[in-house]
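**Q** Numbering (full-length UniProt numbering), first residue to last: 45 to 321.
Sharing a structure, written as structure tokens. Questions coming.
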Ligand code: ADP
Ligand code: MG
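Here it is as structure tokens:
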């Protein structure tokens with residue numbers, strides 16, 4: 045049974061985004077803490093469409109590596125809310141900014157969990173399309189879960205239209221900008237693998253790999269770099285396995301990228317095994 049909204053007390057704002065706000069809330073009767081994403085009905089149509097899609101996806105997913113949804117609410121004024129598990133260590137983006145960059149063993153632990161989430165999504169015909177550090181939630185147990193399905197796509201029979209401009213441009217794969225040159229609609233799922241490669245590089249280096257530290261993105265330059273430049277390179281000193289893993293993600297031609305399930309058996313992850321999973 046879903047907890048009635050009236051039994052939830054807002055404690056603080058966790059994040060703001062596309063037309064919505066995420067609150068830390070407490071269920072008064074049980075003291076249990078949750079996260080509640082609220083998008084107002086009178087807000088813009090895009091925000092409303094996005095939260096409706098997210099609601100649909102979170103209701104049908106059931107994985108240890110996708111943020112859990114405990115209920116969704118539509119109120120008469122058009123507000124849509126999603127009750128989720130509260131991730132008490134924030135996002136990989138805030139962890140990076142507050143605690144600094146991640147080591148290879150830490151990244152292997154993070155990567156394995158993201159890949160399990162992605163292979164679950166892809167097996168269920170869902171493309172995330174906005175994978176990046178601020179959409180990856182973490183708790184104190186260092187469990188990593190994929191969140192924010194506002195621009196995700198549920199694939200039907202065809203692989204059409206997976207090249208539309210949604211998501212954060214910076215993490216978008218070359219074929220999303222220029223489908224003809226980079227393998228196009230061959231396999232829309234592989235766009236998530238490109239974003240994973242950039243995300244891991246950023247967590248290792250401490251800044252978005254296509255830009256020097258501290259530089260604000262200029263979208264036209266960035267798009268040119270993604271489409272016409274070489275994929276970004278890791279600095280010297282990383283292991284061969286990590287370099288190879290990133291190389292398997294950051295192939296400009298989508299066909300050459302490894303899938304999530306292939307990457308789960310990559311030597312980088314085999315080199316850093318985890319005992320508990
Ligand atoms: P948006 O579409 O606004 O980016 P997100 O789902 O990414 O929506 O949420 C925005 C921010 O709120 C996240 O970056 C994160 O900081 C915080 N947040 C979202 N969901 C949770 C959660 N379940 N637990 C803790 N923090 C969350
Ligand atoms: Mg987000």
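C-beta atoms are modelled at their ideal positions from N, C-alpha and C, and glycine is treated no differently.
None of these values were measured; they are calculated from a predicted model.
Excluding the 5 residues preceding and the 5 following residue 78 in the sequence, name in chain order all residues of the same chain whose CB lies nearer than 6 Å to its CB.
**A** 69, 127, 130
**Q** To the nearest whole angstrom, what separates the beta carbons of residue 239 and residue 151, a pair I think is in contact under 8 Å?
**A** That pair is no contact at about 15 Å.
**Q** Thinking C-beta only, is residue 271 closer than 7 Å to residue 193?
**A** no
**Q** Roughly how many angstroms lie between the CA atoms of residue 93 and residue 283, to the nearest whole one?
**A** 43 Å
**Q** Three-state secondary structure (DSSP) at residue 148?
**A** Here residue 148 sits in helix by DSSP.
**Q** Of all the CB atoms in chain B, is at least one closer than 7 Å to the CB of residue 188?
**A** You won't find chain B in this structure, because it holds only one protein chain.
**Q** Count the CB pairs spanning the segment 154–174 and the segment 99–109 that are closer than 8 Å, and state whether there are at least three.
**A** yes
**Q** Specify the secondary structure class of residue 235 as computed by DSSP and reduced to three states.
**A** The three-state reading of DSSP puts residue 235 in helix, counting H, G and I together.
**Q** What does the alpha-carbon distance come out to for the pair residue 99 and residue 281?
**A** 43 Å
**Q** Tell me where the alpha helix (DSSP H) around residue 98 begins and ends.
**A** Note, residue 98: alpha helix (DSSP H), 89–104.
**Q** Report whether the distance from the Cβ of residue 182 to the nearest heavy atom of ligand 1 is below 6 Å.
**A** no
**Q** Compare the Cα-Cα distances from residue 121 to each of 85, 293, 47 and report the closest residue.
**A** 85
**Q** May I ask you to check if the CB of residue 152 is nearer than 6 Å to at least one heavy atom of ligand 1?
**A** Checking every heavy atom of ligand 1 against the Cβ of residue 152, none is found closer than 6 Å.
**Q** Starting from residue 113, follow the alpha helix (DSSP H) in both directions and report where the run begins and ends.
**A** No alpha helix (DSSP H) holds residue 113; the beta strand (DSSP E) holding it covers 113–118.
**Q** Beta-carbon separation of residue 183 and residue 132 under 7 Å?
**A** yes
**Q** State the start and end residues of the unbroken alpha helix (DSSP H) segment that holds residue 143.
**A** 136–143
**Q** Grab me the residues of residue 145's own chain with a C-beta within less than 8 Å of its C-beta, minus the 5 sequence neighbours each way, in chain order.
**A** 247, 248, 249, 250
**Q** Using DSSP with H/G/I as helix, E/B as strand and the rest coil, what is residue 47?
**A** coil
**Q** I'd like to confirm the pairing. Which residues does DSSP put opposite residue 79 in its beta bridges?
**A** 68, 128
**Q** If you reduce the DSSP assignment to three classes, tell me which class residue 273 lands in.
**A** coil
**Q** Would you kindly work out how many angstroms separate the C-alpha atoms of residue 76 and residue 313, rounded to a whole number?
**A** 35 Å
**Q** Is it buried or exposed, residue 186, if we count other Cβ atoms within 10 angstroms and call 16 or more buried?
**A** exposed
**Q** According to the Cβ coordinates, are residue 159 and residue 308 closer than 7 Å?
**A** yes
**Q** Helix, strand or coil: how does DSSP classify residue 295 here?
**A** Residue 295: coil per DSSP, three-state reduction.
**Q** Which residue comes first and which comes last in the beta strand (DSSP E) that contains residue 53?
**A** 52–61
**Q** Would you tell me roughly how many angstroms separate the C-alpha atoms of residue 67 and residue 123, rounded to the nearest one?
**A** 14 Å
**Q** On the criterion of 16 or more Cβ atoms from any shown chain inside 10 Å, does residue 260 qualify as buried, or is it exposed?
**A** By the Cβ neighbour-count rule, residue 260 is exposed, with fewer than 16 other Cβ atoms within 10 Å of its own.
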